[in-house]
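Chemist:
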Amino acid sequence: MLEKKLMRYCDGVIFAETSYKQYFTEYKGLTKDILNYPLPIEQNKMQKEEVFTLIYVGDITEDRNIMGMIEVAKIVMERGRFQFQLKLIGPIAQSLKDKVNRKIIEYGLEGYIFWYGRIPYEDIWNHYFSADVGLCLLKPIPNYKNSLATKLFEYMAAGLPIIASDFPDWKSLLIENNCGLFANPLDSNEIAQLIEHLEHDKVLAQKLGTNGREAFETQFSWKSEEEKLAVFYRFLEKVRIGE
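Every letter in the sequence shown is one number past the one before it in numbering that gives the first Met the number 0, and letter 76, counting from 1, is 75.
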């Protein structure tokens, strides 16, 4: 592993995730956990969309369960209990987009799924603030199961209730902060039921979103990490000059 070879030349190592520290136990130098939380952002009380809006932001790939989200949308549409839309924001390979679009046409989802591609980071927040639920339904592969997706913290920052994969660390985050629901990411019916539950129980949805925002402000903002980073840099500098 290239990282292990390079680490021997480092004065210190910063871990942006605690989950993969176990792979670097042989490193005996200075380390610090500086978690990759979003920058503080003022919550915008902008008008919600006219229809119930689900949002996913990030790389759009099969491992990140784009086909599963399309299946979920199909189920919710067929049940017909309310109008909704799913916004997809982020880069996608053209071959995969073509595949997804064929499935959208097959299912009759043309008026439900909306592509935005890669957009400026600041513009993403307008979509967050006007949405109703943030989706993070990554497939259960080791790299995802053993780390906390930054997207979870962005949804919390935006005051969005979350529906996420039922990975142990993700479940703990949602339960401890009472800010979202979780499901088997491969069970489209279970996910569809959670979406319908949040659309129906607006008091619960509001509570989950508010709890997430409060947890972000007090625990998970980059503001809480940047001073730790500055202190670590200053300490390394002193070590180098022998103080």
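C-beta: ideal position from N, C-alpha, C; glycine also.
Kindly confirm or deny that the segment 203-210 and the segment 187-195 touch, where touching means at least three C-beta pairs closer than 8 Å.
Modeler: no
Chemist: Below 7 Å CB to CB, which residues in the same chain sit around Glu109 once its five sequence neighbours on both sides are set aside?
Modeler: Residue numbering aside, residue 109 sits at position 110 when the sequence shown is read from its first letter. Only Ile103 meet the Cβ criterion.
Chemist: Take Phe152 and list the residues in its own chain whose beta-carbon comes closer than 8 Å to its own, dropping the five residues that flank it on each side.
Modeler: As a position in the sequence shown, residue 152 is number 153, starting the count at 1. The residues are Tyr36, Pro37, Phe215, Phe219.
Chemist: Can you tell me the Cβ-Cβ gap for Ala157 and Trp124, rounded? I've got them flagged as a contact below 8 Å.
Modeler: As a position in the sequence shown, residue 157 is number 158, starting the count at 1. As a position in the sequence shown, residue 124 is number 125, starting the count at 1. Right, their Cβ atoms sit about 7 Å apart.
Chemist: Is Lys86 closer than 8 Å to Phe113 when the C-beta atoms are compared?
Modeler: Reading the sequence shown from its first residue, position 114 is the one you call residue 113. Reading the sequence shown from its first residue, position 87 is the one you call residue 86. Yes, they are a contact pair.
Chemist: Ignore the nearest five residues each way along the sequence and tell me which others in Met68's own chain have a CB closer than 7 Å to its CB.
Modeler: Sequence index remark: in the sequence shown, residue 68 carries index 69 (1-based). So the list reads Tyr55, Leu85, Leu134, Leu136, once near-sequence residues are dropped.
Chemist: State yes or no: is the C-beta of Asn64 within less than 8 Å of the C-beta of Lys138?
Modeler: Start at 1 with the first residue of the sequence shown, and residue 64 comes out as number 65. Start at 1 with the first residue of the sequence shown, and residue 138 comes out as number 139. Between Asn64 and Lys138, the gap from beta carbon to beta carbon is short of 8 Å.
Chemist: In terms of residues, what are the limits of the alpha helix (DSSP H) holding Ile115?
Modeler: Sequence index remark: in the sequence shown, residue 115 carries index 116 (1-based). A small correction: the amino acid at residue 115 is Tyr; Ile does not occupy that position in the sequence shown. It is not in any alpha helix (DSSP H) - Tyr115 instead sits in the beta strand (DSSP E) that spans 112-116.
Chemist: Taking the alpha-carbon positions, what's the Asn176 to Asp200 distance?
Modeler: As a first step, residue 176 must be located in the sequence shown, where it is residue number 177. As a first step, residue 200 must be located in the sequence shown, where it is residue number 201. So the two alpha carbons sit approximately 19 Å from each other.
Chemist: Pick helix, strand or coil for Leu34, following the three-state DSSP scheme.
Modeler: Sequence index remark: in the sequence shown, residue 34 carries index 35 (1-based). Three-state result, Leu34: coil.
Chemist: Please look up how many angstroms separate the CB atoms of Val132 and Leu173, rounded, as I've assumed it's under 8 Å.
Modeler: One-based indexing of the sequence shown puts residue 132 at position 133. One-based indexing of the sequence shown puts residue 173 at position 174. 13 Å between Cβ atoms; not a contact.
Chemist: Would you identify the three-state DSSP class for Val75, choosing helix, strand or coil?
Modeler: Translated into positions along the sequence shown, residue 75 becomes position 76. In the three-state scheme derived from DSSP, where H, G and I count as helix and E and B as strand, Val75 is classed as helix.
Chemist: Just to confirm the assignment, what range does the beta strand (DSSP E) spanning Thr52 have?
Modeler: Here residue 52 refers to the residue found at position 53 when the sequence shown is read from its first residue. First-last of the beta strand (DSSP E) with Thr52: 51-56.
Chemist: Give every residue of the same chain whose Cβ lies closer than 7 Å to the Cβ of Arg80, excluding the five residues on either side of it in the sequence, and list them in chain order.
Modeler: Working through the sequence shown from its first residue, we reach residue 80 at position 81. Once the five neighbours on either side are set aside, the close Cβ partners of Arg80 are Glu195.
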